[in-house]
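Residue numbers (this note's numbering): 6 to 272.
Have a look at the structure below, then the notes.
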Amino acid sequence: MAIITNTVQASGITGAREDLEDVIADLYPDESFAQTTLDKVDASAVYHEWLLDSLAAPGSNITVDGDDLGTSYASYTQPTRAGNYTQILRKNFAISGTSDAIAKAGRRRETARQLVKQMRELKNDFEYALVRNQGASAGGASTGRSLASMESWLATNAIKATTTASAATTGFTAGGAPAPTDGTTTGALTEANLKSAIQGAWSAGGNPSVILTSATQKANLDAFTGIATRFVDVGRTEQASVIGAASMYVSSFGRHRIVVHRHVRTS
Numbered sequence: 006m007a008i009i010t011n012t013v014q015a016s017g018i019t020g021a022r023e024d025l026e027d028v029i030a031d032l033y034p035d036e037s038f039a040q041t042t043l044d045k046v047d048a049s050a051v052y053h054e055w056l057l058d059s060l061a062a063p064g065s066n067i068t069v070d071g072d073d074l075g076t077s078y079a080s081y082t083q084p085t086r087a088g089n090y091t092q093i094l095r096k097n098f099a100i101s102g103t104s105d106a107i108a109k110a111g112r113r114r115e116t117a118r119q120l121v122k123q124m125r126e127l128k129n130d131f132e133y134a135l136v137r138n139q140g141a142s143a144g145g146a147s148t149g150r151s152l153a154s155m156e157s158w159l160a161t162n163a164i165k166a167t168t169t170a171s172a173a174t175t176g177f178t179a180g181g182a183p184a185p186t187d188g189t190t191t192g193a194l195t196e197a198n199l200k201s202a203i204q205g206a207w208s209a210g211g212n213p214s215v216i217l218t219s220a221t222q223k224a225n226l227d228a229f230t231g232i233a234t235r236f237v238d239v240g241r242t243e244q245a246s247v248i249g250a251a252s253m254y255v256s257s258f259g260r261h262r263i264v265v266h267r268h269v270r271t272s
């Protein structure tokens, strides 16, 4: 195949108009499960506190009919104080007046587009702070305050990678919670570890209903033998489904919805 001499090709055209769609394709990996789902309260100080109380361990309680109160009274403890610091999150951007005024593809005003985009990024940053292993800090003259995230509050059901035994951490304190320290030994997530963590949460008074997991650990959850064989009813004209994932885990302590989260740590 030969090109005729002096053929004007498209690449040589001067003044060819651009072919640019008048739309901006978004690929925003938003994630705000924690901040959307968790209960919310108002804070009126940079350090917000609350009181925690617990019941005494149950025991034998048998009293004689008609017995008076006597002089012996049960001892009791005062509620404990726990707290967390408020954290300031910020996004900055600058748009000139001319940038807003000129004709642009996909948006009329750059300021409006950036407001929406930066707010979505701010929500991602907030979610990241909530679900990670960030510790609480009062900050200082040149450093910002930081809130204690979810991992920092695990006290009685922190499970090591290589054992199902609970590894107690500092947990609730009057000054917030420190960031947990990772061990030097790593291991795959096992069903025994998951069961132990759920049991630990239940024993501490909780009723865990959601498992937040990274994509990496979701693959490990999907490989648990408990979901290896399942059946789905299909019609005669329908194709069968191959199930390779779990959206719910049922333990001795209830049903736990599995939620894949973009910001939970992968380890």
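Note that the Cβ used here is the ideal one computed from N, Cα and C, for glycine as well.
For residue i, write down the residues that DSSP places opposite it in a beta bridge.
{"i": "Glu54", "result": "Gly88"}
{"i": "Ala254", "result": "In the sequence on display, residue 254 carries Tyr and not Ala. Per DSSP, His261."}
{"i": "Ser151", "result": "Ser142"}
Put residue i into one of helix, strand or coil per three-state DSSP.
{"i": "Thr218", "result": "strand"}
{"i": "Phe93", "result": "Residue 93 is actually Ile in this sequence, not Phe. The answer is coil: DSSP assigns Ile93 none of H, G, I, E or B."}
{"i": "Ile203", "result": "helix"}
{"i": "Ser171", "result": "Confidence at Ser171 is low in this model, with a pLDDT of 48, below 50, so the placement of that residue should be treated as unreliable; the coordinate-derived value is given next. Ser171 falls in the strand class under three-state DSSP."}
{"i": "Arg137", "result": "coil"}
{"i": "Asp227", "result": "helix"}
{"i": "Lys109", "result": "coil"}
{"i": "Asn129", "result": "helix"}
{"i": "Asn198", "result": "helix"}
{"i": "Ser272", "result": "coil"}
{"i": "Gln244", "result": "coil"}
{"i": "Ser59", "result": "coil"}
{"i": "Gly102", "result": "helix"}
{"i": "Val239", "result": "coil"}
{"i": "Leu120", "result": "helix"}
{"i": "Ala15", "result": "helix"}
{"i": "Ser208", "result": "helix"}
{"i": "Ser157", "result": "helix"}
Using a 10 Å radius around the Cβ and a threshold of 16 neighbouring Cβ atoms, would you call residue i buried or exposed?
{"i": "Gln139", "result": "buried"}
{"i": "Ala170", "result": "With a pLDDT of 48 at Ala170, under the threshold of 50, the modelled position of this residue cannot be trusted, and the question is left open."}
{"i": "Ser157", "result": "buried"}
{"i": "Gly259", "result": "exposed"}
{"i": "Lys223", "result": "buried"}
{"i": "Ile203", "result": "buried"}
{"i": "Thr271", "result": "exposed"}
{"i": "Tyr78", "result": "exposed"}
{"i": "Val136", "result": "buried"}
{"i": "Gln92", "result": "buried"}
{"i": "Tyr81", "result": "exposed"}
{"i": "Gly240", "result": "exposed"}
>> Count Cβ pairs between the stretch 255 to 269 and the stretch 22 to 41 that sit closer than 8 Å; are there 3 or more?
In response: These segments touch.
>> Does the stretch 92 to 109 come into contact with the stretch 7 to 14, if we say contact requires no fewer than three beta-carbon pairs (one atom in each stretch) closer than 8 Å?
In response: Because the criterion of three Cβ pairs below 8 Å is not met, the stretch 92 to 109 and the stretch 7 to 14 do not touch.
>> For the structure I just gave you, are there three or more beta carbon pairs, one from the stretch 151 to 162 and one from the stretch 114 to 131, closer than 8 Å?
In response: Remark: fewer than three beta-carbon pairs, one from each stretch, lie closer than 8 Å, so the stretch 151 to 162 and the stretch 114 to 131 are not flagged as touching.
> Which runs of the beta strand (DSSP E), 3 residues or longer, sit entirely within the stretch 22 to 51?
Replying inline: Complete beta strand (DSSP E) runs here, min 3: none at all.
> Do three or more CB pairs link the stretch 83 to 90 to the stretch 48 to 61 at distances below 8 Å?
Replying inline: Because the criterion of three Cβ pairs below 8 Å is met, the stretch 83 to 90 and the stretch 48 to 61 touch.
>> Contact between the stretch 20 to 27 and the stretch 107 to 115 is defined here as three or more beta-carbon pairs at a separation below 8 Å; is this criterion met?
In response: Counting Cβ pairs under 8 Å, three or more are found: they touch.
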